[in-house]
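Novice:
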Amino acid sequence: MLGYWSRYCPNVKVMGRECPSVRGLGPRVSQCASSGIGKETARVLASRGARVILACRDRARGVEVENELRAETGSKSIVFMQLDLSSFTSIRQFASEFLTQEQQLHVLINNAGTINANNYQTTEGYELSFGVNHLGHFLLTNLLMDRLNESTPSRVVNVSSLAYRLGVLNFDNLTQSEGRIKSYTRSKLANILFTESWLLNWKTPG
Numbered sequence: 001m002l003g004y005w006s007r008y009c010p011n012v013k014v015m016g017r018e019c020p021s022v023r024g025l026g027p028r029v030s031q032c033a034s035s036g037i038g039k040e041t042a043r044v045l046a047s048r049g050a051r052v053i054l055a056c057r058d059r060a061r062g063v064e065v066e067n068e069l070r071a072e073t074g075s076k077s078i079v080f081m082q083l084d085l086s087s088f089t090s091i092r093q094f095a096s097e098f099l100t101q102e103q104q105l106h107v108l109i110n111n112a113g114t115i116n117a118n119n120y121q122t123t124e125g126y127e128l129s130f131g132v133n134h135l136g137h138f139l140l141t142n143l144l145m146d147r148l149n150e151s152t153p154s155r156v157v158n159v160s161s162l163a164y165r166l167g168v169l170n171f172d173n174l175t176q177s178e179g180r181i182k183s184y185t186r187s188k189l190a191n192i193l194f195t196e197s198w199l200l201n202w203k204t205p206g
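Shown next, in the form of structure tokens:
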């Protein structure tokens, strides 16, 4: 996938550095952590001593990954909680349960990324890619922001894609698919704009 987008975004440089120890870090949230980037991120953080909350839509798969990562890392601080980012009701329920059970949140990782191949919509009627990849993250972050502020040092990590460079936002059409690629790139552009605007507002509230 990186090779595909790199053809259209040739000037993007990917750089990495060693992650510092997170031993003793309080809870963190990872959306759609049942596979891929989310699962691997959860594995690394748990192995470094962090308390990890696995937020996944599929309960059976979430419990399976919880047990798998506990066995691999030896950590008992890995907890599955159900979250469907295509439903505002599910997001609000997850946030309410999380805030009741967890007193700290140091890192919120917004990692969900879906491509809408069949013109599906969210429960509220938004195009699925935009609803899950952006609106769901936006609502969840807002609902958990007070706990993040109370747990400083803390941060929000929004996982986007090189595809954002191809995205065009049409605010007059957030309910219908514009094709799976255009809809996906639009949602990834929204991730970038959300991150930039939130950074400005976080530094200077209001």
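When we follow the UniProt record's numbering, the leftmost residue of the sequence shown carries the number 1, and every step to the right adds one.
Backbone N, C-alpha and C define an ideal beta-carbon position, used for all residues, glycine too.
What's the C-alpha gap between V132 and I53?
Specialist: So the two alpha carbons sit approximately 19 Å from each other.
Novice: Would you check if the distance between the CB atom of A95 and the CB atom of S75 is smaller than 8 Å?
Specialist: Cβ distance not < 8 Å, so A95 and S75 don't count as in contact.
Novice: Can you tell me whether DSSP reads W198 as helix, strand or coil?
Specialist: DSSP places W198 in helix when its eight states are reduced to three.
Novice: Less than 8 Å separating the beta-carbons of S86 and G36?
Specialist: No.
Novice: Going straight from the alpha carbon of L200 to that of F138, what length do you get?
Specialist: Distance between the alpha carbons of L200 and F138 is about 15 Å.
Novice: Write down the C-beta distance between T175 and V156 rounded to the nearest angstrom, noting that I regard them as a contact closer than 8 Å.
Specialist: 27 Å between Cβ atoms; not a contact.
Novice: Roughly how many angstroms separate the alpha carbons of T123 and E64, rounded to a whole number?
Specialist: Whole-angstrom Cα-Cα distance: 26 Å.
Novice: If you count every other CB in all the chains shown that lies within 10 Å of the CB of A71, and 16 or more means buried, which is it?
Specialist: Flag for A71 reads exposed.
Novice: How would you call F171, buried or exposed, if buried means at least 16 neighbouring beta carbons within 10 angstroms?
Specialist: By the neighbour-count rule (16 or more Cβ atoms within 10 Å), F171 is not buried but exposed.
Novice: Looking at the structure shown, is F98 part of a helix, part of a strand, or coil, going by DSSP?
Specialist: Helix, per DSSP.
Novice: Where does V65 sit, in a helix, a strand or coil, going by DSSP?
Specialist: If DSSP states are grouped into helix, strand and coil, V65 belongs with the helices.
Novice: For V157, which of helix, strand or coil comes out of DSSP?
Specialist: Three-state result, V157: strand.
Novice: In whole angstroms, what separates the C-alpha of F194 from that of K188?
Specialist: Going by the C-alpha atoms only, they are around 10 Å apart.
Novice: Rounded to the nearest angstrom, what separates A117 and A190 at their Cα positions?
Specialist: A117 and A190: Cα-Cα distance of roughly 19 Å.
Novice: Grouping DSSP H, G and I as helix and E and B as strand, with all else coil, what is E178?
Specialist: E178: coil per DSSP, three-state reduction.
Novice: Looking at the structure shown, is R147 part of a helix, part of a strand, or coil, going by DSSP?
Specialist: Helix at R147.
Novice: Suppose you measure from the CA of P153 to the CA of R43; what does that come to, to the nearest Å?
Specialist: Going by the C-alpha atoms only, they are around 22 Å apart.
Novice: Terminal residues of the continuous alpha helix (DSSP H) containing R43?
Specialist: It spans 36-47 - the alpha helix (DSSP H) in which R43 sits, taken as one unbroken run.
Novice: Using 8 Å for Cβ pairs, my map puts E66 next to F80. What's the rounded Cβ distance?
Specialist: So it is a contact: roughly 4 Å between Cβ atoms.
Novice: I'd like the ranges of any beta strand (DSSP E) spanning at least 3 consecutive residues and lying wholly in the stretch 89-140.
Specialist: Qualifying beta strand (DSSP E) stretches, in chain order: 107-110.
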